[in-house]
Amino acid sequence: MGALWGTSRARLVVFAICVVVVVTFVARAVFTLVSGPPSSWSVALVATVCAAVLATCLFPIGRFAHRSPLVSLPVLVFAVATPALASDVVIGAIALGVLIVDFGATRRPRVAAYSSALAASATAIAALAEVPLVAVGLTRTGAVAIAIVVYLVVVVAVELARMRWVTPAPGLGLVRDLSPLRLLGAAAVGAAAGFVLAGWVERGLPLLAGSDHSLSVVAVLLVLALCAGGVGLTMANAGRRRRLVGLIGGTAALSESDLRAIPAQMQLAGQTQPAGTTAPAPAGTLADALRQAVQTSVGALSVTLQDLPPTAGQAGAPVAVVSDVASPIVSADVGPASPCFARPGYLVAHRDAMDLAFTGEDHQSIAALAHAADVVAGVRADLGGLALRANTDPLTALPNYGAFNEALANVNNNRSYGESIAVLFLDLDEFKRINDRHGHHIGDEILRELGRRLQSSVRPDDLVARVGGDEFVVVLTGLGGLAEAKLVAESLMSSCSMPIVLDGVTLVPVLSIGLSYSAHREADVTALVREADRSMLAIKKNNRRGSPARESSINVSEHRSTRLNDSVARAIDDDRIELAFQPIVSLVSGRIWAFEALLRYTDPEFGVIAPSSFVEKAKRLGRLDALSRLVATKAMTAAAEFRLLEPSIACMTVNLEAGQLLPERMGDFVADLSRSYPSITLCLELNERSVARVSAAVRAQADVLRDAGLMIALDDYGSLDSSVDALVRLPMDILKIDRSLVDDLEDIRQREVLTALQGFGDNLEYSMIVEGVENAGMAGHLRALGIRSAQGFFYGVPETFENTLARLEENGSDAIIRVQSKRA
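Under the working numbering, the sequence shown has 213 at position 177, and the numbering climbs by one with no breaks.
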């Protein structure tokens, strides 16, 4: 439902409906005024102004600021003006007043039309509710008080629906987010105000005794507008105080935060953060402090640092130093820390569409905080220069040993699977003899010249470092293969071996170079350096056995990548994987209602690779998300084919890790995939081990996906170190019981555990599926315990797509195959 009403087309339909409602109410009011006395025009004008002023006084009725419905009480105009104006005129005046003030505040037609339509429609419902109350003998003052409560109920109900389905956001539109005390307080204040105002108009003002009743109505409306204006000024002053406190506290927090700048090793390598990558940042970063300061100062539903400028309904300012691409943080204390990189971006605050619009002072506060962050970052950058010097070799100005190690680890961790790297370990032969014969100043000049030659010979993304007295290391990145690494190394060796003339003396550097090559991401990247070092030492050892070498040479270490890693990578890149499908059945109806998609791959050289081994290697090679996208796509394509044969089978489950739910990994992909198959439910099975480490962002994303129509299942519950804590760690729809909990259902303890878990499921509103059902006896026990769904070899082993289609053609959705299959 959330996916449907979150579309632009659906919002456009809602906007059109709101416009029709507003135009209808206003047109009816004008028509009635034209046919009525001229004095009614002035009363209607005052009523419109009063409704506009009342619409500016928004009161939160939820537990969290900027995350819950806000209500205003323009319905009070109805309580006052009805004795002098027809009901449709009053409702039209309310619609027009709210429309004018909301459009003036937000400049957003959709927001203004929705607010106006909601206020007018809720007032109309309240007016209808007043009629039977008066008919049964209740005084008008009492009927007005009850009608205002009806107005609030309608507004709150529509707002909750709007926040859940029309403009969905994590954690919004849920009844549990309402504050009962605030809601009751708003109802009490509104009812009391309506009771007093209606009675006041009914009795008439003492100073206007004997005059036209319309004058009393106008006077009360003016008093009401003045009171509402006073409340609005009070709220504005409170906002100014909040902004001032936020600016002072925020500036202090910025100065105390930790700056997450470009890592030193990347500066030394002349690189920038790879596009689209994220790295864990420490808590309390400058970006986090900046978001918290804006949240405290201006108040917002979310505050993000992003590449794009703010749009309509948002407030923001350029920020020259920090920018991130992580998921928006819903509130100041929700979500993981985000990285910030030294590149221009925008600080953007968001509010719910129906919240108070950002004021000019809000924009100024955000701009001031962004400027303060830039100043702090500039100061920290100066301090970063000190760190740069600490990581630089003073003789050659190249990175030193510590910076090199950090840079190599960074290159290894951030490279894609297809990107190879190589490490060259270079040693200057007979360097001690040069120092002894020509002096250390000549030796220093040779080292400087070698550093310059190495730096000028490598490619822009390669790294050169001096790691010892006469030892240098070069990291070659972005290689297409070992042959390319050799060519680059030979070119570098040729450049560095050219003669050097110093103080009239011509010296020819002789280098021993060891090369180690890696085609895939390494678990221990330091092994590359050790291999290159051993290869270099092997050259020097051979030289010691005979005469000293008179020319530079390269020794290439053994190729480090394994053929099995290559096989797994090619299977993913070339889409060679296959799927098997196992039915999930209803023990109540005896029919299949879903399938689980399971990975299968047979390598031409290595044979069948176990799914667990395949997945583990894909994860280690940085290809898990690519593999999961292939599996999910194939699974949903197959589900569509299954549904053509059996429309009752409309669910497909695939396996993911909990961390893959994040939007930048699999979250956005599976949401889009699910929308492509609106008649099929995609269920994401998360293994319990990955659920044990979920963050607040993952939990929030799980709710977003559930609202979008996907289901979340906790898989393998009961295996290893399962605990009850796992049942509440992540929002879910299905709990899958591991076969280890049902291997002996004659044991009363297993039956009691299943009964307890079934009770948990009923209370926490999730379904339960028991895996590992292998015979009719187990199925009978489960039915007797009230278990409603099961999966196992008794109902079918995992079969290929073709065999699964054949089963459905021959047996339909029957849980148990009753007809002998023609398949081999």
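Even for Gly, the Cβ is constructed at its ideal location relative to N, Cα and C.
Go ahead and pull the three-state DSSP assignment for R701. helix
So, are the CB atoms of V727 and A694 less than 9 Å apart? yes
Have a look at the DSSP bridge pairing and note the partners of N691. E721
Since P619 sits in a beta bridge, which residues does DSSP pair it with? F631
With 16 other CB atoms within 10 Å as the buried threshold, where does H556 fall? buried
May I have the straight-line CA-CA distance separating V355 from L326, to the nearest angstrom? 10 Å
Between the region 543 to 554 and the region 564 to 577, are three or more C-beta pairs nearer than 8 Å? yes
Taking the beta strand (DSSP E) that R502 belongs to, which residues open and close that run? L499 to R502
Between which two residues does the beta strand (DSSP E) harbouring H386 extend? G381 to H386
Quick test of your reading: S861 and A568, contact by CB under 8 Å. State the CB separation rounded to the nearest angstrom. No information on residue 861 is available, as it lies outside the stretch 37 to 860 that the chain covers here.
3-residue-minimum beta strand (DSSP E) runs that sit fully inside the region 520 to 559, ordered along the chain: 536 to 538, 541 to 543 and 547 to 554
Tell me the residue span of the alpha helix (DSSP H) that contains V838. According to the sequence provided, residue 838 is Glu. The question's Val does not apply to it. Its alpha helix (DSSP H) spans residues F837 to N847.
I believe L615 touches A633 by the beta-carbon criterion, under 8 Å. Please report the beta-carbon distance rounded to the nearest angstrom. 5 Å
Could you pull out every residue in the same chain whose Cβ sits closer than 8 Å to the Cβ of S151, ignoring the five residues on either side in sequence? A91, V134, L135, D138 and M390
Would you call the region 247 to 262 and the region 76 to 87 touching, i.e. three or more CB-CB distances under 8 Å? yes
Quick check: the Cα distance between I645 and Q331, rounded to an integer number of angstroms? 51 Å
Using CA coordinates, which residue listed in A149, M702 and V411 is at the minimum distance from V49? A149
Since M747 sits in a beta bridge, which residues does DSSP pair it with? C719
Cutting at 7 Å between CB atoms, please list the residues of its own chain near L392, excluding the five before and the five after it. L94
Taking contact to mean 3 or more Cβ pairs, one atom from each stretch, closer than 8 Å, check whether the region 214 to 232 and the region 265 to 272 are in contact. no
Could you have a look at V370 and say whether DSSP puts it in helix, strand or coil? Confidence at V370 is low in this model, with a pLDDT of 32, below 50, so the placement of that residue should be treated as unreliable; the coordinate-derived value is given next. Looking at V370 - three-state DSSP - the assignment turns out to be coil, as it is neither helix nor strand.
What does the alpha-carbon distance come out to for the pair A5 and V62? Lying outside 37 to 860, the shown extent of the chain, residue 5 is not represented and no answer is given.
Who pairs with L90 in a beta bridge, going by DSSP? L90 is not bridged to any residue.
Nearest to P535 by CA position, among A521, D497 and E481, is which residue? E481
Looking at C-alpha atoms only, which residue of Q350, V192 and I182 is the closest neighbour of A229? I182
Identify, in the order they occur along the chain, each residue of the same chain with its Cβ nearer than 7 Å to the Cβ of G848, setting aside the five sequence neighbours on each side. E682
Using CA coordinates, which residue listed in V667, V281 and G658 is at the minimum distance from N448? G658
Reference E724, options V706, D704, Q737 and K772, closest by Cα: K772
May I ask which residues mark the beginning and end of the beta strand (DSSP E) holding E507? E507 to L515
Y753, DSSP secondary structure in three states: strand
Helix, strand or coil at N591 according to DSSP, with G and I counted as helix: strand
Please tell me whether G275 and T395 are closer than 9 Å, where the distance is taken between their beta carbons. yes
Excluding the five sequence neighbours on either side, which residues of its own chain have a C-beta within less than 8 Å of the C-beta of S493, listed in chain order? S527, L528, S531 and C532
My output table needs one value for V565: the three-state DSSP class, helix, strand or coil. helix
Please say whether P119 and V232 have beta carbons closer to each other than 9 Å? no
Ignore the nearest five residues each way along the sequence and tell me which others in L790's own chain have a CB closer than 6 Å to its CB. L821
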